[in-house]
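Okay, so the sequence shown: first residue is 142 according to this note's numbering, each after it adds one.
C-beta atoms are modelled at their ideal positions from N, C-alpha and C, and glycine is treated no differently.
Everything numeric in this text was worked out from a predicted model, so none of it was measured.
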Amino acid sequence: MAPGSGPVSETVKRLAAIRRAHGDDAVGFYVGNPATHSYPATLAALAFARALNTRNVFSTASVDFLPSMFAATTASGTGRCSRCLMWIGPTSCSYSGPPR
Numbered sequence: 142m143a144p145g146s147g148p149v150s151e152t153v154k155r156l157a158a159i160r161r162a163h164g165d166d167a168v169g170f171y172v173g174n175p176a177t178h179s180y181p182a183t184l185a186a187l188a189f190a191r192a193l194n195t196r197n198v199f200s201t202a203s204v205d206f207l208p209s210m211f212a213a214t215t216a217s218g219t220g221r222c223s224r225c226l227m228w229i230g231p232t233s234c235s236y237s238g239p240p241r
């Protein structure tokens with residue numbers, strides 16, 4: 142395969158065209174399991190995000206955990222995440238009272 146003719150080169154060209162046409166934040170990426178539990182993979186993802194100069198970086202926390210936490214704190218009426226809720230499972234929680 143000739144240099145500059147493979148799938149990586151094609152991806153680079155397409156990402157560059159999208160960023161030129163729509164700006165840096167027109168692209169984003171997701172880092173999921175098991176990569177989020179790997180120090181080298183996390184460092185590589187941070188370097189990739191910095192190179193893309195995008196704010197659209199998502200992870201298992203931003204996609205799975207944080208929306209659930211927001212919904213639970215909103216439903217409980219506390220508006221707080223710390224010391225108010227104890228997670229039992231991915232879709233259930235118990236209210237332990239207001240923070241002291």
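Boundaries of the alpha helix (DSSP H) in which residue i is found, first to last residue
i, result
"PHE199", "Per DSSP, PHE199 belongs to no alpha helix (DSSP H); it is in the beta strand (DSSP E), 198 to 200."
"PHE211", "207 to 217"
"PRO175", "Counting along the chain, PRO175 falls outside any alpha helix (DSSP H), and DSSP gives it neither H nor E."
"THR183", "180 to 193"
For residue i, three-class secondary structure by DSSP
i, result
"VAL149", "helix"
"PRO239", "Any reading at PRO239 is ruled out, since the residue's pLDDT is 42, under 50, leaving its predicted position unreliable."
"VAL168", "coil"
"SER323", "The displayed coordinates of the chain run from 142 to 241. Any statement about residue 323 would go beyond what the structure contains."
Contact set for residue i: own chain, Cβ-Cβ below 8 Å, skip 5 residues either direction
i, result
"SER233", "Its pLDDT being 41, under 50, SER233 is placed unreliably in this model, and the value from its coordinates should be taken loosely. Answer for SER233: no residue qualifies."
"ILE159", "ALA167, VAL168"
Nearest candidate by alpha-carbon position, reference residue i, set the options
i, options, result
"PHE199", "ALA212, THR183, PHE211", "THR183"
"ALA190", "GLY169, ASN174, PRO175, SER203", "GLY169"
Spatial neighbours of residue i in its chain, beta-carbon cut-off 7 Å, leaving aside the 5 residues before and after
i, result
"ARG161", "none"
How do the stretch 189 to 198 and the stretch 164 to 173 stand: do at least 3 beta-carbon pairs fall below 8 Å, yes or no?
yes
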